[in-house]
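Protein chains: 4
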Amino acid sequence: MVERVAVVGAGRMGSGAARRLASRGYRVVVWNRTREKAERLAREAGVEAAGSLAEAIAGVEAALAFVSDDDALLSVVSQLRRSDGLVFVNSATTTPRASIAAARYLEGLGIQYVEAPVIGGPGALERGEAIVLAAAPRSALAPVLPLLSELGELVKVGDSYGTAAALKLAFNNLLLTTLVGLGESLLILDAYGVDKALFSSILERTVFSGLAGKYFERAVSKPKPTFTVSLAEKDARYAFQALADRGYPRLVSHAVSNVYATLSQMGFGGEDYVGVYRLLKKAGAGGREEH
Amino acid sequence: MVERVAVVGAGRMGSGAARRLASRGYRVVVWNRTREKAERLAREAGVEAAGSLAEAIAGVEAALAFVSDDDALLSVVSQLRRSDGLVFVNSATTTPRASIAAARYLEGLGIQYVEAPVIGGPGALERGEAIVLAAAPRSALAPVLPLLSELGELVKVGDSYGTAAALKLAFNNLLLTTLVGLGESLLILDAYGVDKALFSSILERTVFSGLAGKYFERAVSKPKPTFTVSLAEKDARYAFQALADRGYPRLVSHAVSNVYATLSQMGFGGEDYVGVYRLLKKAGAGGREEH
Amino acid sequence: MVERVAVVGAGRMGSGAARRLASRGYRVVVWNRTREKAERLAREAGVEAAGSLAEAIAGVEAALAFVSDDDALLSVVSQLRRSDGLVFVNSATTTPRASIAAARYLEGLGIQYVEAPVIGGPGALERGEAIVLAAAPRSALAPVLPLLSELGELVKVGDSYGTAAALKLAFNNLLLTTLVGLGESLLILDAYGVDKALFSSILERTVFSGLAGKYFERAVSKPKPTFTVSLAEKDARYAFQALADRGYPRLVSHAVSNVYATLSQMGFGGEDYVGVYRLLKKAGAGGREEH
Amino acid sequence: MVERVAVVGAGRMGSGAARRLASRGYRVVVWNRTREKAERLAREAGVEAAGSLAEAIAGVEAALAFVSDDDALLSVVSQLRRSDGLVFVNSATTTPRASIAAARYLEGLGIQYVEAPVIGGPGALERGEAIVLAAAPRSALAPVLPLLSELGELVKVGDSYGTAAALKLAFNNLLLTTLVGLGESLLILDAYGVDKALFSSILERTVFSGLAGKYFERAVSKPKPTFTVSLAEKDARYAFQALADRGYPRLVSHAVSNVYATLSQMGFGGEDYVGVYRLLKKAGAGGREEH
Ligand SMILES: NC(=O)C1=CN([C@@H]2O[C@H](COP(=O)(O)OP(=O)(O)OC[C@H]3O[C@@H](n4cnc5c(N)ncnc54)[C@H](OP(=O)(O)O)[C@@H]3O)[C@@H](O)[C@H]2O)C=CC1
Ligand SMILES: NC(=O)C1=CN([C@@H]2O[C@H](COP(=O)(O)OP(=O)(O)OC[C@H]3O[C@@H](n4cnc5c(N)ncnc54)[C@H](OP(=O)(O)O)[C@@H]3O)[C@@H](O)[C@H]2O)C=CC1
Ligand SMILES: NC(=O)C1=CN([C@@H]2O[C@H](COP(=O)(O)OP(=O)(O)OC[C@H]3O[C@@H](n4cnc5c(N)ncnc54)[C@H](OP(=O)(O)O)[C@@H]3O)[C@@H](O)[C@H]2O)C=CC1
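Chains as they are written, first to last, in my numbering: chain S, 4 to 294; chain R, 4 to 294; chain U, 4 to 294; chain C, 4 to 294.
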């Protein structure tokens, strides 16, 4: 069983996972492309920082990657060298296609691959309350089962790579579409001078009560981002691409992705993704003042 | 106080309201553009059917309209004649603009106007469990308060016409966007062979539990429609227009409306609106066979 | 035959038409909602300015309206009083629906109606080189044929109201879609550091040579607007609505309209509509600076 | 200088190129994934068919690939083995990203790479009237200059890989957007019963005269496809991806791509891409009959 683990990527999610695993008794070594972030995390969380990826994975049984996107995944994977017995877990939200490509590549290096995207943010990870969606053959998954279960509830989606990635994109597509829809609905309220709190209280009495409770306040205020506009743009785009890759039509993912792309282009890529409505109003105002 | 009420429109919603009000002791007279429907309802619900709109509103204190859309509302309203003291309640989902136009027109005829769109379907109406959103000056609303409260919980949105219509569109925009997002997410699952029941069970653990409970089964099966693809197309388009009328940008309503428009064009306008996913698959298959 | 004509709306198009008609020997009286504009035009073009719409149409055989949109048309039309024998020509770009509504309303006032939208900008109008698309019964069109022919080539589209408006929207939909496509293509060039002049020289050798000649320079520079972002947003939206009104799906008009709506929201509503690319880049920069 | 050339891909474009080059005195060997197609072309055009890719490129100085898309390009490239001195020309429409990846990969095999997408269809290729857009360092391009010039006018876009691919996508984005706009405009005409020939005659007098001349007839009839709905879907999607890859927003490519994706899903992927309007009407009818 795994006792030593490398966390690849010391961003929001990687940090949450590193803290959790350290607190549960794992020996954690962190590697991050930009070294300072790994070192800061190491100091704060009492874990080790590795100077290189090779160093990070030397002597661990598993690596757990929380990097941004397909490119980051493929870039990390292509830096790995033969390492028999290692299990590489990809917990980033990527396209099924990229995940399958990573699996094929690692096969050639004797590295086992687990596709394990996560539902839940950095806080949920740190509290061990995330949902971990896993796709992998049994032999690859078995050694990391206890490890992944520390992060939250483990759901085995399938043996075939791509299935967990698809399920994660299906979930995020639903969430992001819903939140952009919420943003547009708030614009309607504004356009006609309707009280937003009244809307929220009505949502409370419908199937949207959970959503309103969790996101309404965050949609109209300016919270510290746990998930950014840039990542939301990417995820909606990946939903689009996942469908395109299999010759399926797209329904709204393109529009959702475009909303986030426009916000990114205006300089809001690093802001909290729930604030679509607030950012759009700011953009409008900003543009008008600037003009 | 109102004791006699004309229900204008004997469609799904009008029928639900007529049954409810009759069961609560109101004297209900129903008028419908296509006469047969009114007569059938009259027989079934033990209410009266009027041969003309004029006949229907003669001798009632209030008229409650559940017609399709802006055009239907304006067409009905323009057939009314001077009728001092009557309160005309519009419970259709219309644009704020059409509702305001109706109010202005009725003012000239001495008829009071209440904008009162409804959240909840025909079943909820009939059980008195809908949410009735009302916008009107106090003097117009007061006489119909008890009547409207029979249909469910009454929420006063504002004194100004347009506000309740806007809130209703904001709600439907959120719901329709979410359901189209759900449809697209189901396509992703299909494209990668992921079990839909697993997805549903994951939604149960998130803010989407209410949504999954109410709509998941309906999204994949073939239920009797309570709300149709055509009406969904209209509502998403009205959200779009409500924003356009005030010079606001649109985020996803155009894409949502377009999905429903494409389904309508393929002949699915009368089907249940939750079945986006199922209808799209059928369309794909149909087109392919036909080709 | 018409010798005296009222021009309704002293905007860009109304001004071009007034100058042209005055130079061709018509007695022109101008009315504009905002009076100053009418008076300025009267001074510059040597025509008369009327203090009210009633005054403008008293004593003329025809009125020629170049107002912004459906609302402006219906507002102007609803201010008219009985005026037997007058021909009212609507040269604004409106929906078929609004044009048909105007025709019906004017019928009740004994006023004949000609739907006559125009292809070509203010300059073309002033030089008599526009294309005037006309829909009206022969009896209404006959008296204004010479007048309209002064503005350019007259094309009779049909006897039924709505057909010329539809043809105009079909044309503008094609033009606006093409120009937004051009804007997006320029973004692609920018994103990969490709010379825009090279692209233009390639377009010269294709079916786009006419387009490149007329619009390329204007797309990348900052010209005085002859047609604005706001009007473009409106026209693409009207194409969308014209299709929706007949239950047809939309293909790209929603996306085109949304691009212009977003630019309007950012404060660019009054800028030249060809500059999509330039404005988007400015918006990006603006947002980023402001942030 | 090149005298012997391998044409990779015996589809529409590859066939056109093979015929042209054979007729100009080159020794052409054709390879195609599905062997029969290569053999048929060999018989018809009097060229050689190779049994394997390795066989095809053994003994030629240059290979010219006309395969479908990014995946096909990367699949072909990854089957190549060390082959010093060979110049591999990619004439497919691919994303800049895939082209750059191909270049990097071939570098490791001692193969020179030229990115050379083409404007113009199979007929133009066969007559030597295409426009060949080239991006490559001078040393790679020089040996194939005479060869590529046989296909039409050669335009050097830049030294950097990606630039010609971007220019090609910019062109196709403009063309496809315009043609979908044309399709939507034809729907508007239909919806209001306007004569399509009249519309065409008006386009003749505008910047769209070239477009109308080349595509109008094809848009309303049922021609043998020279370029398919599937490839159009791909190209619009690649325009979208090219922008996304550099963090740029998308304006209409998503909508254009979606129109073609929906048509593909309905079974029209192999039809002529200009017939958007005709296919949509057929889909509508088909769906309705089937329902
Ligand atoms: N935040 C959330 O709530 C959730 C996020 N996710 C997913 O988890 C993943 C990580 O998200 P999050 O932690 O929020 O993102 P952050 O932006 O906080 O962190 C991104 C990490 O990826 C690294 N990275 C980016 N590009 C490369 C590259 N080319 N090579 C190596 N490393 C690279 C970054 O390194 P550097 O510091 O050098 O830039 C950084 O460590 C994403 O796929 C996201 O979609 C999933 C569920 C929830
Ligand atoms: N510009 C162009 O190149 C072309 C324009 N068109 C169409 O012609 C029409 C006019 O365009 P253009 O001249 O450029 O627009 P402008 O914005 O320059 O002028 C608009 C005119 O409409 C008037 N107006 C707006 N709202 C109302 C109202 N509610 N009641 C009365 N008058 C009103 C304005 O009056 P006020 O001054 O008081 O605001 C002004 O006179 C539009 O429909 C446009 O789409 C068609 C072809 C080409
Ligand atoms: N047609 C046109 O007018 C124009 C086309 N283009 C571009 O040129 C390219 C070719 O288009 P066109 O000839 O029309 O397309 P076709 O569909 O006629 O031919 C496609 C070719 O690609 C081959 N192919 C597909 N996938 C693979 C793969 N994975 N490995 C190896 N070969 C593969 C096919 O082989 P098989 O027979 O085995 O399926 C076939 O030879 C495309 O990129 C297109 O966008 C550019 C300008 C104009």
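By construction, the Cβ of each residue, glycine as well, lies at the ideal position given by its N, Cα and C atoms.
When distances are taken from the beta-carbon of S:L254 to the heavy atoms of ligand 2, even the shortest one reaches 7 Å or more. If you draw a 10 Å sphere on the C-beta of R:Q268, you find 16 or more other C-beta atoms in it, and that means buried. Looking at the DSSP output, S:K159 bridges to S:A137. Put simply, the backbone Cα of C:S203 is about 14 Å away from that of U:N175. At least one heavy atom of ligand 3 is found less than 7 Å from the C-beta of C:N35.
Chain-ordered listing is empty here: chain C has no CB closer than 7 Å to the CB of R:T180, the nearest sitting near 16 Å.
For U:E118, the enclosing beta strand (DSSP E) has its first and last residue at Q115 to E118. Proximity to U:L234 across U:K40, U:V255, U:D162 and U:D275 peaks at U:D275, based on C-alpha coordinates. If you look at S:L179, you'll find it in the alpha helix (DSSP H) that goes T166 to A194. Beta-bridge annotation (DSSP): C:T231 is paired with C:D275.
Residue state for C:E129 is assigned as helix, using DSSP reduced to three classes.
By the rule that beta-carbons nearer than 8 Å mark a contact, C:A106 does not touch chain U. If you compare the alpha carbons of U:D198, U:E236 and U:Y280 with that of U:R221, the shortest gap goes to U:Y280. Taking a Cβ-Cβ threshold of 7 Å, the residues of chain S close to U:T265 are T265, in chain order. Taking 7 Å as the cut-off, the C-beta of U:S26 does not count as close to any heavy atom of ligand 3. Between C:P146 and C:V5, the C-beta spacing is below 8 Å. Judged by the Cβ position, S:M269 fails to qualify as a neighbour of ligand 2 at the 7 Å threshold, every heavy atom of the ligand being at least this far. Between R:V262 and chain S, the shortest Cβ-Cβ separation is below 8 Å.
When DSSP reads this structure, R:N93 sits in a beta bridge with R:A68 and R:E118. With its beta carbon at least 8 Å from every one in chain R, S:P120 lies outside the interface. Residue contact with chain C for R:A239: absent (no Cβ-Cβ distance below 8 Å to any residue of chain C). For S:L157, the distance from the CB to the nearest heavy atom of ligand 1 is not below 7 Å. By the beta-carbon neighbour count (other beta carbons within 10 angstroms, threshold 16), C:P226 is exposed.
When DSSP states are grouped into helix, strand and coil, R:R15 belongs to the helix group. Per DSSP, reduced to three states, the secondary structure at R:V255 is coil, with no helix or strand assignment. Taking the C-beta atoms as reference points, R:L128 is found nearer than 8 Å to R:G19. With contacts defined by Cβ atoms closer than 8 Å, S:E153 and S:R15 do not form a contacting pair. Here S:D238 is buried. Its C-beta has 16 or more other C-beta atoms within 10 Å. Residue state for S:E47 is assigned as helix, using DSSP reduced to three classes. Beta-bridge partners assigned by DSSP to R:V33: R:V10 and R:A52. For R:D73, the uninterrupted alpha helix (DSSP H) run begins and ends at D73 to S81, by DSSP.
Within chain S, the C-beta atoms nearer than 7 Å to that of R:N176 come from G184, E187, S188 and I191, in chain order.
Look at the beta carbons and you see the stretch 102–112 of chain S not touching the stretch 23–43 of chain S: under three pairs across the two are nearer than 8 Å. Within its own chain, the residues whose Cβ lies closer than 8 Å to the Cβ of U:E207, once the five positions on either side in sequence are excluded, are A215 and G216, listed in chain order. Of all residues in the stretch 110–139 of chain U, none places a beta-carbon less than 9 Å from a beta-carbon of chain R. For S:R249, the secondary structure class from DSSP, reduced to helix, strand or coil, is coil.
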